[in-house]
Each structure stands twice: as structure tokens, then as C-alpha cells.
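J.: As numbered in the numbering used here, the sequence shown has no gaps in its residue numbers, which increase by one up to the final residue, 540.
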Amino acid sequence: MARTAPKVERLAEDGEAMTDALTTVLAAAEENGAVTWSDVSDDLTSGEWGRLIESGLLIDADGDGFVIDDPEGVREALEESDAAPSDDDEGGGWSKWDKLAGLGTLGLFAGYSMTSVRDVVAGDVINIVLGPLNDMLPFYVVILVLAIITGTTSTILQDNLMDMSGMGDHQEKMEDLKERRKAAKERDDQEALDRLEEEQMELMTDQMGMFKQQFRPMVWIMLVNIPLFLWLYWIVFGAGVDASPVITLPIFGEVEAWSNSVAGPVQAWIVWYFLCSLSFTQIIRKALNVETTPTS
Numbered sequence: 245m246a247r248t249a250p251k252v253e254r255l256a257e258d259g260e261a262m263t264d265a266l267t268t269v270l271a272a273a274e275e276n277g278a279v280t281w282s283d284v285s286d287d288l289t290s291g292e293w294g295r296l297i298e299s300g301l302l303i304d305a306d307g308d309g310f311v312i313d314d315p316e317g318v319r320e321a322l323e324e325s326d327a328a329p330s331d332d333d334e335g336g337g338w339s340k341w342d343k344l345a346g347l348g349t350l351g352l353f354a355g356y357s358m359t360s361v362r363d364v365v366a367g368d369v370i371n372i373v374l375g376p377l378n379d380m381l382p383f384y385v386v387i388l389v390l391a392i393i394t395g396t397t398s399t400i401l402q403d404n405l406m407d408m409s410g411m412g413d414h415q416e417k418m419e420d421l422k423e424r425r426k427a428a429k430e431r432d433d434q435e436a437l438d439r440l441e442e443e444q445m446e447l448m449t450d451q452m453g454m455f456k457q458q459f460r461p462m463v464w465i466m467l468v469n470i471p472l473f474l475w476l477y478w479i480v481f482g483a484g485v486d487a488s489p490v491i492t493l494p495i496f497g498e499v500e501a502w503s504n505s506v507a508g509p510v511q512a513w514i515v516w517y518f519l520c521s522l523s524f525t526q527i528i529r530k531a532l533n534v535e536t537t538p539t540s
């Protein structure tokens, strides 16, 4: 249901008529095995039928009509939408939990500038879990472990909260619109250009909603990552790190301490974290077969 729910949410944003149309088509498909336009033409418009196909929820059944892709996921998403209509509003599909996560993230950001917040989050909370790990392992291994943790959680959150297929569909529509606009200009068809202008405005509105959806997983990712970064900062500059006299970093060579700058203002521990994170995140994405770029 991870990829199905966002598609149903976008349909719900188009109005109750679209969710009613999806419910009708779902019932007809379950009753007959497949559904055709003639089966539901009395209950929904051709525009609603086309919108269901464009969404990817209604797919071709090899010439035998159409079927619902992931019917169980569609049913669950529709039930959740009916059961909690107040969770999502003009916030671009953000639930109350997403907004609470956003507020929590803003609060954690204060830890970078306020020592009291950093000491509480890093020293009194996170250190309970990571302190023993830091005692057992060299600090460069601790950073590597944290990079794997943040890479894994980020990948899982992106996979579950972002609909890359929807973004791919939107890009295809924009490319198609661009081609039709070019053809209309070549034949000097002003009427077609006016229609395409209206269609472009609708696509731009959809694009704004997608931007909000893209930012949604970032809130949860930062909610996980910021406390870990605060702990690393607290260890390096507060509690102190037991390290060898000389640290050897890939590309940058030898560094005397983790707090030393190696690339402008960027310190050694940050560089080592990002080198580990970039490497292991790619491995994790391949292992979990997670797409983070738009697909059609």
C-alpha cells in the first residue's frame, strides 16, 4: 500500500467526486473481475474515468478491460480517507502527525545554537543509547554505524512517503504539453494555445502539491537525523573523543583531530560521516530496490 496511498490521496485532493468514482470502479472490478467504460458510464464522467487511468490505479488488463492495481491497498486508503477526513487539509496532504513531526524538527534545530537544548537531547537522551557504543568502538566506526542507520531510515521513509511514479507521470504530461504547444504554435492555432494554457496552469497547481509531498519525508528524516548529529557534535566538542594522534581520511589525508577543519569550515567528523553516508546509502537503496528518482 506504500505506493498506492499517495495516489489515492492525490485523487482525494481533486474532490469527493473522484473518490466516489474510484469506489464505484473498485466495486465493479471486484464484481466482474475487470471493468470497462460501459460498465460504469452511468455513474461517472469520461473525465473521471480518464483521471483514474492517468493516476495509475486503473490499469489495462491486456484487452479484457481494466483492473484496479492493488485493490486491497486502494480499499484501505479509501477507508482511512473516510475515517480521518480532518487529518489532511490545505497543507498539501500533510497529516497532523506530519505537522507535529515538523514542529519537533524545528525544536531540535535549536540544539545547534543553544547549548542547553543540545545537552538535554544529546547528553541526557541519545547518549543513553549511543554512549555504550562509543565506549566499545573506535569513533570512526561509531560514525560509520550512524551513517548506516541514517541512510537506512532515510531510504525507508522516502520509499514509503514519496510516490515517484506520480512524479514521473507528471513529467511525462509536461513533456507532452510542451510538444502539443509547439505544434499549435507552428500551425498558429490560437484556440488550441488557449486550451493548453489552461492545462498548463492545472499542471502547475499539481506540481506545487508534489513539491509539498517531496518535502514531507524530509521532515521525518530530519527528526531522526538531527538528534544523532547533535550527539556527534556534543561528543566531538563537549564530552571529548578518544582518538589516535593522527586520523587518516580518504582524499584529505592525515588530520590531527576530529574537530579540525579539512575543507574550509567543514570539520573532519562531518567529512567522514558524509563519505560513509553517501557510500552506504547507495548500497542500501540497491539492496532494497528503492527508486528515488521519478519513474513512469
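Note that beta-carbon positions come from the ideal geometry of N, C-alpha and C, so glycine has one too. From a predicted model like this one, the values you see are computed outputs, not experimental measurements.
Between Ala531 and Leu447, what straight-line distance do the alpha-carbon atoms span, to the nearest angstrom?
T.: Spanning the two alpha carbons is a distance of roughly 34 Å.
J.: Could you tell me which residues DSSP puts in a beta bridge with Val510?
T.: Ala507
J.: Hey, is Ser282's beta-carbon within less than 9 Å of any beta-carbon in chain B?
T.: Among the protein chains of the structure shown there is no chain B, as only one such chain exists.
J.: Go ahead and label Glu334 buried or exposed: buried means 16 or more other beta carbons lie within 10 angstroms of its beta carbon, across all protein chains shown.
T.: Below a pLDDT of 50, predicted positions are generally treated as unreliable, and Glu334, at 43, falls in that range; the measurement from the model is reported next regardless. Its Cβ having fewer than 16 others within 10 Å, Glu334 is exposed.
J.: Quick check on Val386: does DSSP put it in helix, strand or coil?
T.: The answer is helix: DSSP assigns Val386 an H, G or I state.
J.: Give me the DSSP bridge partner(s) of Gly497.
T.: Leu493
J.: Kindly give me the distance between the Cβ atoms of Val510 and Leu493, rounded to whole angstroms, as I take these residues to be in contact under 8 Å.
T.: With 8 Å as the limit, Val510 and Leu493 do not qualify as a contact, their Cβ atoms being about 11 Å apart.
J.: State the DSSP-derived secondary structure class of Ile528, mapped to helix, strand or coil.
T.: DSSP, reduced to helix, strand and coil, places Ile528 within a helical segment of the structure shown.
J.: Would Leu390 be called buried (16 or more neighbouring beta carbons within 10 Å of its own) or exposed?
T.: buried
J.: Is it buried or exposed, Gln526, if we count other Cβ atoms within 10 angstroms and call 16 or more buried?
T.: Gln526 comes out exposed.
J.: Give me the residue from Ile495, Ala501, Pro250 with the minimum Cα distance to Leu519.
T.: Ile495
J.: Please report the straight-line C-alpha distance between Asp342 and Phe459, rounded to a whole angstrom.
T.: Going from the Cα of Asp342 to the Cα of Phe459 covers about 10 Å.
J.: Nearest to Ile479 by alpha carbon, out of Met452, Ile370, Glu298?
T.: Out of Met452, Ile370, Glu298, Ile370 has the C-alpha closest to the C-alpha of Ile479.
J.: Would you give the residue range spanned by the alpha helix (DSSP H) that Leu344 belongs to?
T.: 340-353
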